[in-house]
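**Q**
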Amino acid sequence: MSVNRVFKDVWWEKDEEPEADAISVALAYLNDWVIEKYIGETMYTTEDQKRWNKIELSVENKPTRNVQLTGGLTLSLPYRFGATGRRETERSLWQGYRLRIGADSVMPIDDLIDIASDAQDLLSIATGRDAGFQNVSGYHPDLVRERPNGDDIPMPFEVISRWSIRDLAKKPDQIDHHDLYFTFEDLGGVDGLAKWMTVAATYRSALGRAMSTRATANMFVSDRMLNYTAALEGFDRTKTGNSTDKLPTRLRRCGAQAGSPFTEMVGNVNKWSNAVAYHRNDIAHHLGRRPRGAESDQYYLGQSVYWAFVLLMLHEAGAPQAVFDRIAQHQTFVYLNPKVKAVVDAHT
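The sequence shown maps to residues 1 to 348 in the working numbering.
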């Protein structure tokens, strides 16, 4: 028996399609990406400054960030905070955000999850981590609890699944600010997120292919490059509406449109296009039996194709220049630049 998804606290009739008018998702790394103010901490010493006299922790409520999406959808980032621990011996504060997608009326819950996955993909790009779903809750207008005063309280139901993107980092859901490829503020806040969501809906198939490839740990380098290239092809096919152009033509066009800092990474876009096309065709049509260069060449070329795709998506979403500047300065991008350029320059 195979069970792909389990719903808790809700019952669907036989052959009834699971629907909801909203979902709320806890995403790995969302807090470190979005939170603009850390939990306050003030430490007081005794007059002789030899020992602590008092420690104060503080956290302030923040308004929910809302933005309208197309199709009658609303994206929200509701903020929550609280305190935990036994008052007798220990006490701690917590704060965090969730991602909420709301609709004007009920719709298939799979569609809402697809929309949430667009934000998940952006978060994975911005952090360089796998921003897995930690918890998914759905809401349905028929699922309510009545208060004593007669008002209805929406009651959530849980969606349980083995999600394809999972946070398997050594320190899950933790990332330092300097390790981010770009910040929430760099993107333009919730308005920048809304622009991304619009673009991601258009290129969802290619985006999903690129990010699922990136999140798959056990994959041959050749397969990874093949999938990244297919995602880039899919992006170009959707953008241009042209289904007849050959791969080198698509690669040259994408490379030119990706702009800086991609052009600094590859140097000569035409040579890069030829190198990627050669290795892709060798993998797809000759089973990798006619390789050129070192075995690592396909790895670095694959990474360059991934970044071409990412930068194109960000350009399509109207990302501010601050996003591209910060990506260019990231240690991983700085490391890749000479490696990729050397592979491109060596290709004949």
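Quick reminder that beta carbons are idealized off the backbone N, C-alpha and C, glycines included.
1) Among the candidates Phe81, Arg129, Gly138, Ala119, whose CA atom is the shortest distance from the CA of valine 106?
2) Determine, using beta carbons only, whether alanine 277 and methionine 197 come nearer to each other than 8 Å.
3) Going residue by residue through the segment 248-273, where are the continuous alpha helix (DSSP H) segments of at least 4 residues, counting only ones entirely within it?
4) Distance check for tryptophan 12 and tyrosine 335, CA to CA, integer angstroms please.
5) Determine whether the beta carbon atoms of valine 165 and glycine 188 lie at a separation below 8 Å.
6) Between aspartate 236 and the rest of its own chain, which residues show a CB-CB distance below 7 Å, the 5 nearest in sequence each way excluded?
7) Buried or exposed: where does lysine 341 fall if 16 or more other Cβ atoms within 10 Å of its Cβ makes it buried?
8) With burial defined as no fewer than 16 other Cβ atoms inside 10 Å of the residue's Cβ, what is the status of methionine 313: buried or exposed?
9) What distance in whole Å lies between the Cβ atoms of alanine 200 and glutamine 134, which are believed to be in contact at a cut-off of 8 Å?
10) What number of angstroms, rounded off, separates the C-alpha of threonine 127 from the C-alpha of proline 172?
11) Based on Cα-Cα distance, which residue from His279, Glu90, Ser58 lies nearest to lysine 37?
12) Which ranges does the beta strand (DSSP E) cover as unbroken runs of at least 3 residues, wholly within the segment 124-161, from first to last along the chain?
13) Which word fits histidine 178, buried or exposed, when buried means at least 16 other C-beta atoms lie within 10 angstroms of its C-beta?
14) When you compare only the Cα positions, how much space is there between threonine 183 and lysine 239?
15) Please state the DSSP three-state secondary structure of alanine 20.
16) Helix, strand or coil for phenylalanine 7? Go by DSSP, reduced to three states.
17) Let me check one thing: in DSSP terms, what residues is tryptophan 94 bridge-paired to?
18) In terms of residues, what are the limits of the alpha helix (DSSP H) holding alanine 103?
19) Taking the beta strand (DSSP E) that arginine 65 belongs to, which residues open and close that run?
**A** The structure says:
1) Gly138
2) no
3) 262-266
4) The straight-line gap from Cα to Cα measures roughly 51 Å.
5) Just to set this straight, residue 165 is isoleucine in the shown sequence, not valine. For isoleucine 165 and glycine 188, no; Cβs fall outside 8 Å.
6) Arg250, Arg253, Cys254
7) buried
8) With at least 16 other beta carbons inside 10 angstroms of its own, methionine 313 counts as buried.
9) Glutamine 134 to alanine 200, Cβ: 20 Å. No contact.
10) 12 Å
11) Closest option to lysine 37, Cα to Cα, is Ser58.
12) Taking only runs of at least 3 residues, the beta strand (DSSP E) segments lying wholly in the segment 124-161 are 133-139, 144-146, 152-154, 157-161.
13) exposed
14) 27 Å
15) strand
16) strand
17) Gly82
18) Element bounds for alanine 103: not the alpha helix (DSSP H) but the beta strand (DSSP E), 99-108.
19) Arginine 65 -> beta strand (DSSP E) spans 65-68.
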